[in-house]
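So in my numbering the end of the sequence shown lands on 978, straight run, no missing numbers. Where is the CB? At the ideal position from N, CA and C, for every residue including glycine. Worksheet: the structure to be examined is printed underneath.
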Amino acid sequence: TSVEDWKNLVTMVSTEKKLVQHELHLINSDNTAVTATGTVTGKFNRKGKLVDLQFSVADISHRRRLENELSNSLKMEAVGRLAGGVAHDFNNIIAVILGYSEILMENLGNTPFKNDIVEIRRAAEKAADIAKQLLYFSRKQVERPSIINLMDSIQEMEKMLRRLIGENIQLFMEFNTKEAFVAVDKGQIEQVLMNLVLNARDAMPRGGIIRLLIREDKPETGQPQVILEVTDSGTGMSEEIKEHIFDPFFSTKENGKGTGLGLATVDTIISGAGGKINVQSAPGKGSVFSLSFPKATAIPDHMGKAAAPVSKPNMTERILVVEDDKNIRLLIAKILGYHGYEVSQAEDGNAAMKAVNATEKEFDLIILDMIMPGMTGKETSELLRKRYPGLPILFISGYTDDTLIKNGCKNDKLTDFITKPFDSDTLQKKVHEIIERKNGGAS
């Protein structure tokens, strides 16, 4: 705030004869920025002449931070709702493209058009990846935490990561701890690592080095932390850019080269998993993204469990597909019918109840869209369960199983869920698993 600003305040007090407030941006004695409110009041004699001034300054930095956090939270919530809705619509469309391209691949054999179909499928898969990141960002992806060894997950991804970064970038991995057990969603942590490595790659267009380091931090008080560091020798970032890297749709890349969701997704996943993220970077000095997670003490969930035997279903089971999107409904019926199942279709909950009431032979499985106009998936499932308490239901949605939970549906052995878009193999395996369980097979 300049001397001229103070003169203007005094002039305002003199002419308007009232208290005047002004927001000030000051530098503290320890060289930190402070936001303050400057208040000027005047004392006037009987003739109305200003004879005295009183100045006071109040530090409002904390209040401003809270206001900014609230504003950012509301903004993120609004953008998240928009992102989730867009992803839902995307997933319905992508599911149809993926499904029919797969059917063409399986049935056309060695045709000159096979490569064209492959390209269609690849494009749809890229779109599905973007939709998945939108769902992660919008927090419509429920975490399925399990205890994993972070070192194992990174080693499993090594080949894929090396393919992603190309030959002009070297990848080094260093593990400075014997074990790195953390309670996280394995799929989400893989998404985080991939996003950070891709971000590092893009910061080194002429090549460079990426280092992945896992270590353990044992503070004097509190829980031990597992630290994952992703370091690159790239262009680095200014403080101004660093302040915005986790903002949704913020990108320094040229148009068409990035969605601006990669690091926003990372931030959302890490905070959702109870972790923290710290960034160190400077122009020309590369960047270090440091992720910290509370160390888990229990053994990984998969240890000591033997695989259950799997038998084939009869392929004569009756399945009812309830889906308001005609294209997806026809696709599911086509895939399952192609593999020998007897498939009936219903466009909404009312049609589903009519189909169930009209049949003499009970359905073995209901495939039910969660979000439908009129009678919702939850309402339809409740009516179906009243008639057939042991009826398995497979919910599908362009959102994620967060929708299942938010809509109050029971998460039991008779209720399953898959997310659109899904390929025919995923659908078949899930249907196989459910019917196997119903027939008394693997539990």
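query                                                                                              : result
Same chain only: Cβ atoms within 8 Å of D899, ignoring 5 sequence neighbours per side              : E852, R853, I854, P927, I970, K973
N703 in three-state terms, based on DSSP                                                           : coil
Limits of the beta strand (DSSP E) - the one that R486 falls within                                : Given a span of 536 to 978 for the chain in the structure shown, any question on residue 486 remains unanswerable.
Per-residue DSSP class, three states only, for K552                                                : coil
DSSP three-state assignment for N813, whether helix, strand or coil                                : strand
Nearest-angstrom beta carbon gap, L763 and L826 [assumed within contact, 8 Å]                      : 5 Å
Short Cβ contact (8 Å threshold) for G909 with G933                                                : no
G839 burial status per 10 Å Cβ neighbour count (16 or more: buried)                                : With a pLDDT of 42 at G839, under the threshold of 50, the modelled position of that residue is not reliable, and no figure is offered here.
Nearest-angstrom Cα separation, counted from N813 out to A843                                      : Reliability fails at A843, whose pLDDT of 42 lies under 50, so the model's placement of it is uncertain and the value that follows must be treated cautiously. Cα to Cα, the separation comes out at about 42 Å.
Backbone CA spacing between F590 and V545 [nearest angstrom]                                       : 10 Å
Contact belief for L798 with N892 at Cβ below 8 Å, rounded distance in angstroms                   : Actually they do not touch by this definition, with Cβ atoms about 52 Å apart.
Best match in I595, G875, E914 for proximity to A568 [C-alpha to C-alpha]                          : I595
Delimiting residues of the beta strand (DSSP E) encompassing Q589                                  : 585–594
Counted within 10 angstroms of its Cβ, other Cβ atoms place S773 as buried (16 or more) or exposed : exposed
Stretch pair the segment 718–725 + the segment 738–756: three plus CB contacts closer than 8 Å     : no
C-beta atoms of V761 and K713 nearer than 8 Å                                                      : no
Residues that DSSP places opposite H557 in a beta bridge                                           : G573
Assigned exposure category for E691 - 16 Cβ within 10 Å defines buried                             : exposed
Start-to-end residues for the beta strand (DSSP E) that takes in I970                              : Note, I970: premise wrong, no beta strand (DSSP E); alpha helix (DSSP H) at 959–973.
Straight-line Cα distance separating G975 from V857                                                : 25 Å
Nearest to E897 (by Cα), restricted to the options I629, S879, M907, D904                          : S879
Identity of the residues DSSP links to L929 by a beta bridge                                       : I902, D951
Exposure label - A622; buried when at least 16 CB within 10 Å                                      : buried
Cα-Cα separation, Q758 to R599                                                                     : 32 Å
Start-to-end residues for the alpha helix (DSSP H) that takes in A881                              : Unbroken run through A881 is the beta strand (DSSP E), 877–881; no alpha helix (DSSP H).
Backbone CA spacing between N642 and F952 [nearest angstrom]                                       : 28 Å
At least 3 beta-carbon pairs within less than 8 Å: the segment 694–703 vs the segment 647–663      : no
Rounded distance between the beta-carbons of G771 and P818, thought under 8 Å                      : 5 Å
Helix, strand or coil at A1029 [DSSP, three-state]                                                 : No information on residue 1029 is available, as it lies outside the stretch 536 to 978 that the chain covers here.
Option nearest G634 by Cα separation, candidates D737, I655, D651                                  : I655
Where the beta strand (DSSP E) through D720 begins and ends                                        : No beta strand (DSSP E) holds D720; DSSP gives it neither H nor E.
Residue closest to V575, alpha-carbon to alpha-carbon, out of H874, S549, E882                     : S549
N885 (DSSP reduced to helix, strand or coil)                                                       : helix
Buried/exposed call for T961, threshold 16 Cβ in 10 Å                                              : exposed
Backbone secondary structure at F710 - three-state DSSP                                            : strand
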